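Below is one structure, written out as C-alpha cells; comments come after it.
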Ligand code: ADP
Ligand code: ZN
Ligand code: ZN
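Residue numbers (the numbering used here): -12 to 736.
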C-alpha cells in the first residue's frame, strides 16, 4: 500500500504530492499527518490519498516514518477546500493546507496535556457485587463506591476523597474491575467567565419572519441568506436561534465576527446560551489554548465555533451553518499569503459540505447586496429596531459655518451642547474620529510645507506623551512607525510659523476634558489597545459605567451594544471620504451608519451628531437618514457608470524599488510587455475594460518608490490565462525592482 503525501514545504519545486510506502501494520487515512523522509531530513506531510500502485520504481520509494496523530487532522472536505484555494491563489497546496491547522501543531510544538482517568471495567451490578465482597481494604471499597456512582472519574478527583489511592487503584485494575486510562486534557479559555443568565428573548415579528425562512432550509441543508437588518433590529437573536436549531439537528455552526476583541458581548451571549459546546478561536489565545480548542472542535465536543476570519477553517465535521456577522467588514479579507476572503471560503465550504450560509449586516457590502438582488442570496430584511425602539435622530453640522462663527474647537457648539445634556442626564456618549494621535499633520504657515515621513509619502501625525516621557510631543508615521521630534522651524524655509492641523483621538479627549472637566473618558485606538486584553479593559471600563465617554477610531463602530449610550458624535465624518480608493464612499457610509447605530439601543432614545465639511455630499446625507437602500442604488449606479466592481474586477501590477528611476523604468517596461501581449491575444484584450499607468495613492512607502499598472477587468473564459500571464510578467526578476500582480487588492493605496 502506498500513499500520496504533500510535504510541508512551500516551494514551487516540491508543489506536488510524493509517493511513500506505508509499512506493514501502519494504518493511514487521507488527511492524516505523517513524518516522512525528505532528502536527508525528516519532514511533516499530509496524506492526500492512498493507492496500491506505485507511480515509479517501487525499489526507490521511501517509507512513511510514523503518523503524527492517530486521526486525520484534516477532514476530506477541507483537503478539497485547500486544493481549490491553492488553485485560485496560484500557490503550492502545502501553503493552503497550513491554514487548516493551528500553527502550533506544525513542527510538533504543542505538548498534549493528559489526565488520568479511572472507569469501571465491568457492568455496574458486577461492581456492586465486588463491593459487597470487598472486606479487606476500605480504600478499594471507597473507590468502587465512587465509580459506581459516577464513572469515569479523574484520578485527581478520586484522590480528593481517598488518600493516596494509587495502590488501591492498581489492585482494582489487576482484578479486572476498573480500567485506568490517559486522556488528553483540554484547556478551555475563559472557563471562569461569569455567564450572563440571559434568557432567550421572545422574538419580534420581524425576527420570527426571518427565522421562518431559515429554519426549513437548515433542515434540508444548503441555502444562502443575506440578513439585512437596521442597527438594533436584533440580528444576533436570529442567528442564535438558527444555531440552536443546527445543534438540534446534530450539526455544528461557525460564527465569524470581524474581530473577537471587539465583540466580547457576542462571545458572552453564545457562552451563556450554549456553554461548553461552544469554542472561541482568536489570536490572543495562548498556543496551548488554541490547540485545545481546535481539538475540542475536531472531536465534535465543541459544536458552536466563534472566531475571526481564520475560524472559517475550523475542523467541524458535520457542518450545518456558517454565519458571517457584519459581513461588510474588510477584516474578513486576509492579505497575508495565501490571500483569501473568509466570506468566499465560507460560501465554498457551505456549498461543498451542504451547510447553510447567513451573511448579516445593517450595511451590507455593495457586492453582497447586488448578489442578493440578483437572487444569489435570499434577502431577509428587518427594517425596525426591537421593542419598538426608534432609530436615532441625526443632525448634520456644517463645520465651515462653525469656523465662520469663530468656533475653532473640534467639537461644534451643537455636539458640545448635546454632550453636556447627555452627561448631565447621567448617560453615556461615544465620539468617533477616524484618526489616532493628537494632530493629524504639521504644516508651515509661511510656505505651506507639510512634514512628511522621509520613508513614506504621507504626512506625519503628532502624538503627545506616548513615547514614555510625559507630554513629550513627537511626530509619527502611521504606515512605517517612524518617529521624529517636532521641528521648531520649517525644514523647508526656516520660518518659525510652524503650526498643527487636524484632530485625532488624543485631541478630542483633551477637548472633552476642557469643556467638561473631570469627566471620566476612555480612548480606544491602536495606541491604547496593546497587550493581551487591552480592548477588554477599555470596553469593561465603559460598560461598567465608570467611564462616561468613549472616544475612538472605527474600532468603536463595530457592533458594540451599550444600552446606556444615548449620544454618538462623528467628529470628522469626511476623513475617510477622500481616500484614493473606489470603496471609500461605501466605507464612509458603513462607518457613519454603524456608529450612529450605537446610539439609543437601550430604553432611552438616541441622538447622533455628524460633523462634516461636506454636508451636501450624498454619502453624508444618506448616512444621516440611515437609508441603506437609497445609498445602495446611488452607489450601484456610480459603479456601473465608472465600471467599478461588481461591473469589473480591479487588478494591478505593483512595482517597488528603492530607486525612483528603477521603479519608473520597470513599470514602463511591464506596461509595454502587457500592451504587446494584448495585441497578439485579441481575446485577452476584450477582457480589459481599462488599463492605466496612473501612480498608486502612496508613491513612497517604507522607503520604496511605488508605481502601478492599473486594470479594470471583465471576467470571462480568458481571465485565468490573462491573469496567469500578468502574474508571470510581474514575477519575472528584473534589476533593482520587484513587482507583483494583485487581483482585487484590499487596499488600492
Ligand atoms: P443588531 O446586531 O441587529 O444591531 P443586536 O442583535 O445586537 O442588534 O440586538 C440589539 C439589542 O436588542 C440587544 O441588546 C439584544 O439583546 C436585544 N434584543 C434582541 N432581540 C430582542 C427581542 N426579541 N426582544 C427584546 N430585546 C431583544
Ligand atoms: Zn516653510
Ligand atoms: Zn513612514
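We treat Cβ as the ideally placed atom computed from N, Cα and C, and that holds for glycine. Keep in mind it's a predicted model, so treat the numbers as computed, not measured.
Segment limits, alpha helix (DSSP H) that includes residue i
i	result
residue 392	Unbroken run through residue 392: none, as it is neither H nor E.
residue 360	353 to 361
residue 35	Note, residue 35: premise wrong, no alpha helix (DSSP H); beta strand (DSSP E) at 28 to 38.
residue 229	222 to 235
residue 676	It is not in any alpha helix (DSSP H) - residue 676 instead sits in the beta strand (DSSP E) that spans 675 to 679.
residue 253	251 to 261
residue 292	Residue 292 -> not in any alpha helix (DSSP H); beta strand (DSSP E) instead, spanning 291 to 294.
residue -8	No alpha helix (DSSP H) holds residue -8; the beta strand (DSSP E) holding it covers -11 to -6.
C-alpha gap between residue i and residue j, whole angstroms
i	j	result
residue 455	residue 493	Confidence in residue 455 is poor, its pLDDT being 48 and thus under 50, which makes the residue's placement too unreliable to answer from.
residue 116	residue 266	42 Å
residue 294	residue 76	23 Å
residue 239	residue 668	48 Å
residue 39	residue 3	19 Å
residue 202	residue 227	12 Å
residue 632	residue 718	26 Å
residue 250	residue 549	12 Å
residue 177	residue 273	Residue placement at residue 177 cannot be trusted, given a pLDDT of 46 that sits under 50; what the coordinates show is reported in the next sentence. In a straight line, the C-alpha of residue 177 is about 12 Å away from that of residue 273.
residue 642	residue 445	18 Å
residue 716	residue 323	21 Å
residue 543	residue 73	35 Å
residue 363	residue 209	12 Å
residue 163	residue 56	29 Å
residue 253	residue 234	18 Å
residue 684	residue 567	6 Å
residue 555	residue 696	41 Å
residue 545	residue 539	11 Å
residue 375	residue 509	31 Å
Helix, strand or coil at residue i [DSSP, three-state]
i	result
residue 591	coil
residue 203	helix
residue 692	strand
residue 347	strand
residue 516	coil
residue 499	helix
residue 706	helix
residue 94	helix
residue 450	strand
residue 297	helix
residue 216	strand
Reference residue i, options the options, closest by Cα
i	options	result
residue 599	620, 628, 163, 558	558
residue 536	504, 637, 514	504
residue 714	727, 702, 706	727
residue 720	630, 644, 666, 704	644
residue 66	58, 47, 34, 92	34
residue 470	539, 682, 156, 442	442
residue 435	423, 480, 652	480
residue 491	534, 437, 452, 428	428
residue 37	44, 52, 19, 275	19
residue 810	690, 219, 665, 507	Since the first residue of the chain shown is -12 and the last is 736, residue 810 is not available in this structure.
residue 739	248, 414, 163, 130	Given a span of -12 to 736 for the chain in the structure shown, any question on residue 739 remains unanswerable.
residue 498	397, 162, 731, 27	397
residue 58	43, 86, 83, 15	15
residue 597	591, 603, 607, 588	607
residue 610	593, 706, 581, 635	581
residue 47	24, 32, 64, 54	24
residue 621	357, 255, 123, 135	357
residue 11	29, -11, 124	-11
residue 43	22, 8, 54	8
Residue i CB to nearest heavy atom of ligand 5 below 8 Å
i	result
residue 435	Ligand 5 is not among the ligands present in this structure, which contains only ligand 1, ligand 2 and ligand 3.
First and last residue of the uninterrupted beta strand (DSSP E) at residue i
i	result
residue 304	Per DSSP, residue 304 belongs to no beta strand (DSSP E) and is neither H nor E.
residue 425	It is not in any beta strand (DSSP E) - residue 425 carries neither H nor E in the DSSP assignment.
residue 385	380 to 385
residue 732	Residue 732 -> no beta strand (DSSP E), and no H or E assigned at all.
residue 539	536 to 539
residue 490	485 to 490
residue 338	Looking at the DSSP string, residue 338 is not in any beta strand (DSSP E); the run it does join, the alpha helix (DSSP H), is 329 to 340.
residue 556	552 to 557
residue 107	101 to 107
residue 509	508 to 511
residue 367	365 to 369
Pocket of ligand 3 (residues with CB nearer than 5 Å to any heavy atom), chain order: Taking a cut-off of 5 Å from the heavy atoms of ligand 3, the residues with a C-beta inside it are 440, 442, 443, 464, 466, 467, 469.
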